[in-house]
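Okay, structure first, notes after.
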């Protein structure tokens, strides 16, 4: 009888324990963290993303530059003009079977110095098929926590990056604001707005989004 009561108590404690853990970022070695996924759409691996400017990231997240700093510890990659057009062409050629969804990558580093060191190693533009090998697995000596959000035609991958064997995350405020901003975004109905101005100097989303369940 005593053993049964102990097991019942353990069952009641277990969910609370899980919730406490899930509220904190789960860091793993860069070699073990999940990368970006493609499913069966292998052609998407040849599509490219490029490094975004701080202002472009702010606009993409619908934040006012006057109200928020420009995330000096963050590096983001957004779809290139080629990728946006290629998605639409692929969708048309496959009679609607090819995906039109693009990917946005956001890396939040534990410090500006780590970001600067990594930025010198990373290329300004890269095919999506090489992201896992060069940007994620290539960061030896680092740990990452991965977050994924689907927002209509754009899937956001957010990675918190810190050096291995470090406790905590120095830029936790930046990470929190970024995650909250992505969660608050409405669904992107169409990403052709990224082509609004030359060199993608303006990024916006539809003013009439569609609700989406997660």
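Residue numbers (full-length UniProt numbering): 1 to 214.
A virtual CB, placed ideally from N, CA and C, is assigned to each residue, including glycine.
Alpha-carbon to alpha-carbon, residue j and residue i
{"i": "residue 112", "j": "residue 178", "result": "16 Å"}
{"i": "residue 165", "j": "residue 29", "result": "10 Å"}
{"i": "residue 148", "j": "residue 37", "result": "10 Å"}
{"i": "residue 107", "j": "residue 167", "result": "18 Å"}
{"i": "residue 170", "j": "residue 110", "result": "5 Å"}
{"i": "residue 152", "j": "residue 116", "result": "32 Å"}
{"i": "residue 118", "j": "residue 71", "result": "15 Å"}
{"i": "residue 181", "j": "residue 89", "result": "30 Å"}
{"i": "residue 101", "j": "residue 78", "result": "12 Å"}
{"i": "residue 25", "j": "residue 82", "result": "34 Å"}
{"i": "residue 173", "j": "residue 64", "result": "17 Å"}
{"i": "residue 80", "j": "residue 189", "result": "18 Å"}
{"i": "residue 45", "j": "residue 86", "result": "12 Å"}
{"i": "residue 84", "j": "residue 157", "result": "17 Å"}
{"i": "residue 175", "j": "residue 161", "result": "10 Å"}
Opening and closing residue of the alpha helix (DSSP H) in which residue i lies
{"i": "residue 115", "result": "112-121"}
{"i": "residue 177", "result": "172-184"}
Nearest-angstrom beta carbon gap, residue j and residue i [assumed within contact, 8 Å]
{"i": "residue 105", "j": "residue 131", "result": "7 Å"}
{"i": "residue 127", "j": "residue 47", "result": "7 Å"}
{"i": "residue 51", "j": "residue 114", "result": "Rounded, the Cβ-Cβ distance is 16 Å, inconsistent with contact."}
{"i": "residue 53", "j": "residue 103", "result": "Going by Cβ atoms, the distance from residue 53 to residue 103 rounds to 18 Å, so no, they are not a contact pair."}
{"i": "residue 146", "j": "residue 33", "result": "5 Å"}
Residue range of the beta strand (DSSP E) that includes residue i
{"i": "residue 102", "result": "102-109"}
{"i": "residue 158", "result": "154-163"}
Residues sharing a beta bridge with residue i, DSSP
{"i": "residue 29", "result": "143"}
{"i": "residue 78", "result": "50"}
Closer than 8 Å to chain C by CB, residue i
{"i": "residue 27", "result": "Considering every chain present, this structure includes no chain C. It has just one protein chain."}
Counting beta carbon pairs with one atom in the region 132-145 and one in the region 41-60, are three or more of them shorter than 8 Å? The answer is no - the region 132-145 does not touch the region 41-60, with fewer than three Cβ pairs under 8 Å.
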